[in-house]
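Step one of this worksheet: look at the structure below.
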Amino acid sequence: MNYEAIEALMGVTAPWIIHEIHINKTYNRAEICIGMAKSGWFGTRRAIQNFDGHHKVWRHLSMGTMRCNVRVDYPAGGVLPDAPWSGDSRSPFSHALGNQIISLLSEGLSLGTISRLLELDADQLWQFKHGIDTGKLGSAAKIMANARKPAETAIAEEQAVENISSLPPISDTVWQDLLTGDKVLDMRNLGLRLLLTRLRQQYSMAQDDDVRKLKVQQLRQYFEKNAGAAVYEIEQLMGAVQ
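If you want the numbering used here, it's the 1-based position in the sequence shown plus 6.
As structure tokens, then:
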């Protein structure tokens, strides 16, 4: 396994190194272990400083379809690195995943929807949201507070009502075209991108029409429930059926 390539992909830089990667194919899960390299040691990935087992584990961004955890070994009382693959000691999620969750919350998605989209533990997700609401995760709280102003919310709600009435009917072939990839939207909505990726995979593997119809329904329902946050994408849909 090319550890250097994964370090470059994740943004892991000196003095930190990836020293082990554990992959569980049964549960489709990976754990990436990051530590501080021993000075003057070369030629081995296990040459890391020993902090008596002191570490923190966060759920990180998935790698393709594989769920990913990051374990960071660091000294007790030490400062955690301010890196996307690291996180707050009170948070169950890395900074990168936390920012993704905040983006989805700012788009108006419910915790239940986010839990399903990102395959996150519901209790951990609630704890993270509670940390935002109470200010314990300060940086996240600021992002969330500035994500959408009240006036913007009111405008978005009015636009959502108008957009729902303009959505193509479920019988329109544009929904199937989106799921087969014959129709491609320029998507700014992160939640929609995540959902459509998963639904396309499920649609292509479906063995009967009933399952395919269900996927079409799920896609249209997302547009209905999140019409205010998917204005840009809905405008493209309306243009495609005219």
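Beta carbons: idealized from backbone N, C-alpha and C, even for Gly. Note that the coordinates shown come from a computational prediction; the quantities given were computed from them, not determined experimentally.
Within the same chain, and ignoring the five residues on either side of S109 in sequence, the residues whose Cβ sits closer than 7 Å to its Cβ are L196. Going by DSSP, W22 is part of the beta strand (DSSP E) stretching over 22–30. In the three-state DSSP reduction, K135 falls in the helix class (H, G or I).
A distance of 8 Å or more separates the beta carbons of V85 and K62. For S210, there are no CB contacts under 6 Å within the same chain when 5 residues up- and downstream are skipped.
Taking a C-beta distance under 8 Å as the contact criterion, I120 and V76 do not qualify as a contact pair. For R204, the secondary structure class from DSSP, reduced to helix, strand or coil, is helix. Buried is the label assigned to I240, since at least 16 other Cβ atoms lie within 10 Å of its Cβ. Classified as exposed, H136 has fewer than 16 neighbouring CB atoms from the shown chains inside 10 Å of its CB. In the structure shown, the three-state DSSP call for K189 is coil. Judged by DSSP in its simplified three-state form, K62 adopts strand.
Taken through DSSP and simplified to helix, strand or coil, N232 comes out as coil. In the three-state DSSP reduction, A36 falls in the strand class (E or B). A distance of 8 Å or more separates the beta carbons of R73 and E13.
Membership of N75 in the beta strand (DSSP E) is indicated by the continuous run 72–79.
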